[in-house]
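Numbering (this note's numbering), first residue to last: 420 to 508.
Note that CB positions come from ideal geometry on N, CA and C, so glycine has one too.
Remember, predicted model here, so these are calculated numbers, not experimental data.
Read the structure below first, then the notes.
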């Protein structure tokens, strides 16, 4: 259980950080982190971190995949994680 909660914490911090780095690179017109990478990290558990970063930094807010995909992933993760936690406890 402890490992699972630590995983969720760290993957969300990582996802949040990737979005922040991508936003800073976008401002400086430098090489960017691919959308596939951002969405993949979100899909494996970092959706909440990515969504918070999207809102806080106003990054990717006009992209359909992020605007609607991240909230859907959050709902999916809440459902999935509740099942996993029930089985662990």
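DSSP-derived helix/strand/coil call for residue i
i, result
"residue 505", "helix"
First and last residue of the uninterrupted alpha helix (DSSP H) at residue i
i, result
"residue 438", "421-446"
Separation of residue j from residue i, as counted between CA atoms
i, j, result
"residue 502", "residue 448", "42 Å"
"residue 435", "residue 428", "11 Å"
"residue 487", "residue 508", "32 Å"
"residue 504", "residue 420", "7 Å"
"residue 478", "residue 506", "36 Å"
Query raised in the report: Curious, which full-length alpha helix (DSSP H) runs of at least 4 residues does the region 450-500 contain?
Result: The alpha helix (DSSP H) runs lying completely inside the region 450-500 and spanning 4 residues or more are 454-460, 466-476 and 483-486, given in chain order.
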